[in-house]
Amino acid sequence: MYFVHPQIKLNNLDKAILSLARSPDLEKLIQKLSFYFPRKQFIFTDMGRSAFKIIIEKLNLKNSEVLLPAYICDIFYPIFKRYNIRPVFLDIDLETFNIDTEEIEKKITSKSKAILICHTYGLLSDIQRIKEITNNRLLIIEDCAHSFGLQKNGIFAGNLGEAAFFSLYKFLPTLRGGLLVCPRDWQINLAETFFDFRDCLSFLNCFSIFALLFKIFGNRIAPKIPRKEKREWPSALNRVSLNLFQRFLENFEKSLKKRIELALYFQEELKKLGFQVQESKNNVFCYLSALIPGNLKSKRDCFVKTLRKYKIFCTRIWQTPIILNPRAQREYQINLNEFPNTVEAAKRIINFPLQNYYTEKEIKKMIFSIKKVIANL
Ligand SMILES: Cc1ncc(COP(=O)(O)O)c(C=O)c1O
Numbered sequence: 024m025y026f027v028h029p030q031i032k033l034n035n036l037d038k039a040i041l042s043l044a045r046s047p048d049l050e051k052l053i054q055k056l057s058f059y060f061p062r063k064q065f066i067f068t069d070m071g072r073s074a075f076k077i078i079i080e081k082l083n084l085k086n087s088e089v090l091l092p093a094y095i096c097d098i099f100y101p102i103f104k105r106y107n108i109r110p111v112f113l114d115i116d117l118e119t120f121n122i123d124t125e126e127i128e129k130k131i132t133s134k135s136k137a138i139l140i141c142h143t144y145g146l147l148s149d150i151q152r153i154k155e156i157t158n159n160r161l162l163i164i165e166d167c168a169h170s171f172g173l174q175k176n177g178i179f180a181g182n183l184g185e186a187a188f189f190s191l192y193k194f195l196p197t198l199r200g201g202l203l204v205c206p207r208d209w210q211i212n213l214a215e216t217f218f219d220f221r222d223c224l225s226f227l228n229c230f231s232i233f234a235l236l237f238k239i240f241g242n243r244i245a246p247k248i249p250r251k252e253k254r255e256w257p258s259a260l261n262r263v264s265l266n267l268f269q270r271f272l273e274n275f276e277k278s279l280k281k282r283i284e285l286a287l288y289f290q291e292e293l294k295k296l297g298f299q300v301q302e303s304k305n306n307v308f309c310y311l312s313a314l315i316p317g318n319l320k321s322k323r324d325c326f327v328k329t330l331r332k333y334k335i336f337c338t339r340i341w342q343t344p345i346i347l348n349p350r351a352q353r354e355y356q357i358n359l360n361e362f363p364n365t366v367e368a369a370k371r372i373i374n375f376p377l378q379n380y381y382t383e384k385e386i387k388k389m390i391f392s393i394k395k396v397i398a399n400l
């Protein structure tokens with residue numbers, strides 16, 4: 024069974040169980056994070072989006088204009104509404120899925136105050152170039168949801184702007200969690216939270232057999248589960264998720280190296296089948312994402328559904344980016360003709376399963392099934 028979200032292998036079960044019982048060693052964790060982000064403060068939040076809300080408040084972005092990629096998830100829509108932020112959307116480059124930097128000059132106005140830069144799927148955005156284009160006039164917020172461990176010349180993403188936020192459960196089996204990386208003089212106090220029923224389900228979801236059951240029955244169960252991440256005010260991360268983060272971070276560098284090697288191999292195989300893969304240089308492949316061949320565009324959803332018969336559960340992040348959210352479209356009078364690449368990516372994107380513990384054998388098996396499905400489309 025192949026899933027996109029981080030899975031816990033049975034030989035790591037002890038690590039996972041211990042995380043339920045013990046307390047994290049915060050001093051050690053901060054020491055470890057200081058290697059990635061020297062001279063920064065770290066705040067653990069219940070979700071990545073909470074960290075973003077804190078950034079908005081600390082940088083005084085309420086009632087202001089913020090540039091951001093058009094190809095990004097629509098969790099930002101309610102946040103912009105709440106803080107009365109006017110978003111200015113930028114189309115992306117189809118080779119990188121990151122902002123097309125040429126768009127900035129076209130769209131920036133005298134009112135623009137900040138830019139949210141996402142290192143999409145784990146590929147570094149060219150922040151240096153963006154600083155040149157904007158003459159350092161905009162506050163830079165890094166959306167590092169997909170990019171822990173991403174670096175160029177020894178400088179890690181998260182150090183390149185005023186502040187950054189990460190979404191922990193995208194790259195490690197932490198169930199939930201965000202990390203705010205910000206200046207040390209920001210004063211932040213968050214309410215405590217506790218491991219709840221939703222976390223319990225997320226924990227089970229890290230094991231293949233339960234993940235399979237949730238895929239089969241999830242549509243019926245999910246709407247009934249309270250979604251605590253929608254709480255209004257940012258709150259702190261619960262002890263269990265923090266523990267899981269600390270424990271699974273221990274071997275992170277080693278497993279990331281392996282992940283990148285596997286991703287490069289997977290990309291080569293996908294290219295042979297006509298998929299258009301993301302640029303690989305400076306990519307940590309939080310998601311192994313590719314565009315389905317152009318001639319199969321109308322069959323993308325059928326392809327993804329049929330692969331499930333082979334127990335390959337791909338995702339389509341983002342088949343509905345923020346500019347395709349009907350409410351956002353009405354509110355911001357979005358003209359989709361201005362965003363041809365975002366619209367194209369939304370129609371063709373597929374994120375393939377990639378776990379750090381896979382070997383080439385798993386990739387070969389998946390490719391074998393992918394070929395079969397394509398032949399019968
Ligand atoms: C690029 C990006 N930014 C921010 C977020 C929000 O992260 P979280 O789900 O941890 O709030 C997500 C995921 O939903 C994301 O994909």
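Using the numbering used here, the letters of the sequence shown map in sequence onto residues 24 to 400.
Glycine included, C-beta positions come from ideal geometry on N, C-alpha and C.
Cβ-based burial, residue i [other Cβ within 10 Å; buried from 16]
i: Gln151; result: exposed
i: Met24; result: exposed
i: Leu267; result: buried
i: Thr143; result: buried
i: Ala234; result: buried
i: Thr119; result: buried
i: Asn176; result: exposed
i: Ser170; result: buried
i: Ser57; result: exposed
i: Thr68; result: buried
Contact check, residue i vs residue j, beta carbons under 8 Å
i: Leu90; j: Lys130; result: yes
i: Asn121; j: Ile115; result: yes
i: Leu147; j: Glu165; result: no
i: Ala368; j: Asp97; result: no
i: Tyr106; j: Ile79; result: yes
i: Thr338; j: Val27; result: yes
i: Pro257; j: Ile77; result: yes
i: Pro92; j: Leu117; result: no
i: Gln30; j: Cys229; result: yes
Three-state secondary structure (DSSP) of residue i
i: Tyr144; result: helix
i: Glu252; result: Bear in mind that a pLDDT of 49 at Glu252, under 50, signals an unreliable position, so the number given afterwards is only what the model happens to contain. Note: Glu252 maps to helix in three-state DSSP.
i: Asp342; result: The residue asked about is misnamed: residue 342 is Gln in this sequence, not Asp. Of the three classes helix, strand and coil, the one that applies to Gln342 here is coil, per DSSP.
i: Arg262; result: helix
i: Glu128; result: helix
i: Glu273; result: coil
i: Arg160; result: coil
Supposed contact pair residue j and residue i - C-beta distance, whole angstroms, cut 8 Å
i: Phe65; j: Leu202; result: 6 Å
i: Phe75; j: Phe188; result: 5 Å
i: Ile335; j: Ser392; result: 6 Å
i: Lys63; j: Cys205; result: 7 Å
i: Glu185; j: Ser135; result: Rounded, the Cβ-Cβ distance is 15 Å, inconsistent with contact.
i: Val307; j: Ile283; result: 7 Å
i: Ile390; j: Leu285; result: Actually they do not touch by this definition, with Cβ atoms about 12 Å apart.
Any 3 or more C-beta pairs closer than 8 Å across the region 307–325 and the region 287–296: Output reads yes: the region 287–296 touches the region 307–325.
Touching by the beta-carbon criterion (3+ pairs, under 8 Å), the region 39–46 and the region 158–175: No: fewer than three Cβ pairs fall under 8 Å.
Any 3 or more C-beta pairs closer than 8 Å across the region 342–358 and the region 376–393: Too few Cβ pairs lie closer than 8 Å, so no.
Validate contact between the region 182–199 and the region 224–241 using beta carbons, cut 8 Å, 3 pairs: Using a C-beta cut-off of 8 Å, the region 182–199 makes contact with the region 224–241, since at least three inter-stretch Cβ pairs fall below that distance.
At least three beta-carbon pairs within less than 8 Å, the region 325–332 to the region 76–95: The answer is no - the region 76–95 does not touch the region 325–332, with fewer than three Cβ pairs under 8 Å.
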